[in-house]
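Heads up, the thing below is written out as structure tokens.
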Amino acid sequence: MNKSTCDILIHNAQLFTMDPDRKIYSPGAVAITGSRIVAVGPDAELRERFDASKTIDAAGAIVHPGFIDAHNHIVHTSCRGIFGGGHDAESLPVNFADWKASVTDADEAAATTMAGIEMLRNGFTMFIEPGSLFSTEAAAEAVERVGLRALFSPLYLWDRGESFEAIPTLASPSLMARATIDHDRCIKELDAELHRNKNTDALVRGYIFVYGEGTASPELLRTAHACARENNVPLHIHAGYLPEGADLYRTLTGRSHLVHLQELGFLDENTVVVHANALDADEEAAVHETGCKIVWCPIAFFSLGITFDITFKMAERYRRGVCVSLGTDGARDCTPGETMLTAHQVAQSYGDPVSPGTLLEMQTLNAAAAAGLQAELGSLEPGKRADVVVRSARSSEAYPDNNLVHALALRLRAGSVDTVLVNGEVVFSGGRSTRVDELEAYQTVSKSVNERAERLGIELNPEWQIVNG
Ligand SMILES: [Zn+2]
Numbered sequence: 092m093n094k095s096t097c098d099i100l101i102h103n104a105q106l107f108t109m110d111p112d113r114k115i116y117s118p119g120a121v122a123i124t125g126s127r128i129v130a131v132g133p134d135a136e137l138r139e140r141f142d143a144s145k146t147i148d149a150a151g152a153i154v155h156p157g158f159i160d161a162h163n164h165i166v167h168t169s170c171r172g173i174f175g176g177g178h179d180a181e182s183l184p185v186n187f188a189d190w191k192a193s194v195t196d197a198d199e200a201a202a203t204t205m206a207g208i209e210m211l212r213n214g215f216t217m218f219i220e221p222g223s224l225f226s227t228e229a230a231a232e233a234v235e236r237v238g239l240r241a242l243f244s245p246l247y248l249w250d251r252g253e254s255f256e257a258i259p260t261l262a263s264p265s266l267m268a269r270a271t272i273d274h275d276r277c278i279k280e281l282d283a284e285l286h287r288n289k290n291t292d293a294l295v296r297g298y299i300f301v302y303g304e305g306t307a308s309p310e311l312l313r314t315a316h317a318c319a320r321e322n323n324v325p326l327h328i329h330a331g332y333l334p335e336g337a338d339l340y341r342t343l344t345g346r347s348h349l350v351h352l353q354e355l356g357f358l359d360e361n362t363v364v365v366h367a368n369a370l371d372a373d374e375e376a377a378v379h380e381t382g383c384k385i386v387w388c389p390i391a392f393f394s395l396g397i398t399f400d401i402t403f404k405m406a407e408r409y410r411r412g413v414c415v416s417l418g419t420d421g422a423r424d425c426t427p428g429e430t431m432l433t434a435h436q437v438a439q440s441y442g443d444p445v446s447p448g449t450l451l452e453m454q455t456l457n458a459a460a461a462a463g464l465q466a467e468l469g470s471l472e473p474g475k476r477a478d479v480v481v482r483s484a485r486s487s488e489a490y491p492d493n494n495l496v497h498a499l500a501l502r503l504r505a506g507s508v509d510t511v512l513v514n515g516e517v518v519f520s521g522g523r524s525t526r527v528d529e530l531e532a533y534q535t536v537s538k539s540v541n542e543r544a545e546r547l548g549i550e551l552n553p554e555w556q557i558v559n560g
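Each position in the sequence shown, counted from 1, maps to that position plus 91 in the numbering used here.
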């Protein structure tokens with residue numbers, strides 16, 4: 092039999108396909124040509140079938156489709172250690188919104204580079220950024236340099252300010268000066284990122300994120316919906332973040348947020364509602380009636396301190412067929428790699444567990460669907476893009492190897508990744524970025540954050556004394 096050729100063959104793997112049967116080939120292999128997967132199957136069969144220009148021996152380690160972070164304000168990763176848990180920074184001279192507004196293009200590039208490397212180190216190959224970048228160009232350049240994928244929206248689409256009363260630290264004069272609460276601006280900028288989608292090979296693509304939480308007029312919501320549908324991109328919105336915000340929306344408009352969104356025709360199967368922590372029964376019905384998708388941000392949820400005020404619905408939504416995916420939101424006290432474990436613990440604490448396999452579906456297939464890219468990403472199947480993560484066989488957390496699904500969903504995090512391919516290119520190998528000098532990137536982001544803090548008059552006093560030698 093004549094052998095076929097392929098560019099890369101990853102073999103000797105515990106290969107998670109995330110195909111419709113959720114097959115795990117053990118040992119398994121995946122063949123890649125160009126940016127796409129050409130075959131997946133038993134190791135012996137693929138080695139027989141293919142002559143590869145390059146082979147990668149996974150040495151018996153887990154290999155899986157790149158995780159996708161369905162909601163990550165990527166630049167806010169750099170405020171770790173300054174703005175902690177939630178919105179608890181009363182002791183600082185500025186609030187979280189001032190911090191957001193103080194960013195320069197160079198700060199955004201530095202933060203995105205650092206957070207992007209962290210994504211790869213945690214087995215992520217893509218994130219969805221919710222319109223909080225002032226320079227999408229600087230961030231896109233950083234994403235492409237690191238070798239990730241991302242989805243970008245125009246800057247803060249909002250044209251109403253009354254709802255910020257419920258979450259005051261999300262607003263400030265400095266932020267509103269840079270991202271004006273202005274209907275005309277929003278309408279003009281709605282499609283600003285969609286030009287990226289003309290290049291079907293682009294790593295950074297565009298979509299529309301309406302900030303939400305009561306900050307959008309019905310006209311903005313209708314126009315954004317029409318624009319998203321016309322351009323065949325997903326439409327995301329924050330809703331049901333905090334009970335206070337949900338209550339204020341009802342007071343201001345006479346109805347619940349999602350019920351209003353349903354009335355306006357905003358909710359359908361291509362609309363993605365981010366958070367959905369605090370929904371009432373009518374809003375819950377709107378989710379099921381419209382088929383909208385949900386992004387669950389369990390770490391953000393925990394950090395809000397609302398666990399006693401809400402009824403936990405994520406597990407039930409998933410069981411009833413809602414496409415629930417997982418997001419980090421802002422990695423203020425965490426890394427994206429902790430999301431599945433936290434989701435597992437949140438669900439356990441409410442007595443409505445979510446299985447490790449379900450968590451993996453939420454972080455791969457369902458997150459790809461939230462990005463509108465389910466035909467391209469989320470599983471290792473022939474025809475899909477080759478976004479592949481090879482874990483290290485030397486990760487102690489992977490053992491015992493009796494339950495691979497448990498290991499991948501709940502135990503393997505940063506430090507367990509050996510090699511990452513994005514779009515068929517090796518962007519991380521031997522536990523290191525092949526694209527950027529990581530130490531230089533980390534020094535750059537630290538310097539950028541120190542300088543921002545100084546500009547804002549924030550004293551970075553550590554809890555314990557640092558003695559410089
Ligand atoms: Zn968010």
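Using N, Cα and C, we set each Cβ at its ideal position, and we do this for glycine too.
Query raised in the report: If you run the structure through DSSP and keep just helix, strand and coil, what is ASN42?
Result: This structure cannot settle anything about residue 42, because the visible part of the chain is limited to 92 through 560.
Query raised in the report: Under a Cβ-count criterion, where at least 16 other Cβ atoms within 10 Å of its own Cβ denotes burial, should THR430 be classed as buried or exposed?
Result: Here THR430 is buried. Its C-beta has 16 or more other C-beta atoms within 10 Å.
Report task. Throw me the rounded Cβ distance for the PRO221 and VAL365 pair, which I believe falls under 8 Å. Result -> 7 Å
**Report entry** Candidates ALA192, SER226, ASN213, of which the one nearest ALA200 by Cα
**Finding:** SER226
Query - Residue from ASP509, THR419, ILE128 whose Cα sits closest to the Cα of ARG476 - result: ILE128
Requested in this report: Kindly identify the DSSP beta-bridge partner or partners of LYS384.
Outcome: VAL363
Report task. Put HIS178 into one of helix, strand or coil per three-state DSSP. Result -> Residue placement at HIS178 is flagged as unreliable, the pLDDT there being 46, under the threshold of 50; a coordinate-derived value is accordingly withheld.
Query raised in the report: Helix, strand or coil for VAL536 per DSSP?
Result: helix
Query raised in the report: Is any beta-carbon of chain D found at less than 9 Å from that of ALA130?
Result: The question asks about chain D, but that chain is absent: this structure has only one protein chain.
Report task. Please go through the same chain and pick out, in chain order, the residues whose beta-carbon is closer than 8 Å to the beta-carbon of GLU354, but skip the five residues on each side of it. Result -> ARG346
Report task. Please state if the CB of ASP198 and the CB of VAL234 are separated by a distance shorter than 9 Å. Result -> no
Requested in this report: Starting from LYS191, trace the alpha helix (DSSP H) both ways and give me its first and last residue.
Outcome: 187-192
Report task. Determine the DSSP secondary structure at ALA505, reduced to helix, strand or coil. Result -> coil
Requested in this report: Note the first and the last residue of the continuous beta strand (DSSP E) segment covering ASN148.
Outcome: Residue identity differs from the one stated: residue 148 is Asp in this sequence, not Asn. Note, ASP148: beta strand (DSSP E), 141-148.
Query raised in the report: Is the distance from the Cβ of GLY448 to the Cβ of ALA458 below 9 Å?
Result: Cβ distance not < 9 Å, so GLY448 and ALA458 don't count as in contact.
Query - Which listed residue (ALA104, VAL194, GLU139) has its alpha carbon closest to that of GLU545 - result: VAL194
Query - Contacts around ALA293, its chain only, beta-carbon distance under 8 Å, and the 5 residues preceding and following it disregarded - result: If we look at ALA293 and ignore the five residues flanking it on each side, its Cβ neighbours are ARG287.
Query raised in the report: Since GLY331 and ASP359 are thought to touch, with beta carbons under 8 Å apart, how far apart are those beta carbons, to the nearest angstrom?
Result: That pair is no contact at about 17 Å.
Requested in this report: State yes or no: is the C-beta of GLY157 within less than 9 Å of the C-beta of THR525?
Outcome: Contact flag unset, no.
Requested in this report: Confirm the yes/no value for this check: CB of GLY421, any heavy atom of ligand 1, distance under 8 Å.
Outcome: yes
Query - Burial state of VAL121, where buried means 16 or more other Cβ atoms lie within 10 Å - result: VAL121 counts as buried, since no fewer than 16 other beta carbons sit within 10 angstroms of its beta carbon.
Report task. Measure from the alpha carbon of LEU450 to the alpha carbon of each residue in LEU499, SER487, ASP478, GLY356, then state which is nearest. Result -> LEU499
Query raised in the report: For ASP492, does the count of other Cβ atoms within 10 angstroms reach 16, so buried, or fall short, so exposed?
Result: exposed
Requested in this report: Using the DSSP secondary-structure output, state which residues sit across from ARG482 in a beta bridge.
Outcome: VAL508
Report task. Could you have a look at ASN322 and say whether DSSP puts it in helix, strand or coil? Result -> coil
**Report entry** Close-in-space but distant-in-sequence residues of the same chain around SER416 (CB under 6 Å, 5 per side omitted)
**Finding:** ALA161, VAL386, MET453, ASN457, ALA458, ALA461
Requested in this report: Check VAL496 in the structure and name its three-state DSSP category.
Outcome: helix
Report task. Would you kindly check if the distance between the Cβ of SER223 and the Cβ of THR306 is under 9 Å? Result -> no
Query raised in the report: CB LEU326 to CB ARG320, shorter than 9 Å?
Result: yes
Requested in this report: Return the Cβ separation of ILE328 and VAL301 in integer angstroms, given the expectation that the two are a contact with Cβ distance under 8 Å.
Outcome: 5 Å
Requested in this report: Tell me where the beta strand (DSSP E) around ILE153 begins and ends.
Outcome: 153-156
Report task. Kindly indicate the opening and closing residues of the alpha helix (DSSP H) around PRO334. Result -> 334-344
Report task. Could you check what DSSP says for GLN105 in three-state terms: helix, strand or coil? Result -> strand
Query - Buried/exposed call for TYR490, threshold 16 Cβ in 10 Å - result: exposed
Report task. Classify HIS327 as helix, strand or coil using the three-state DSSP reduction. Result -> The answer is strand: DSSP assigns HIS327 an E or B state.
Query raised in the report: HIS329: beta carbon under 8 Å from a heavy atom of ligand 1?
Result: Yes; taking the cut-off as 8 Å, the Cβ of HIS329 has a heavy atom of ligand 1 nearer than that.
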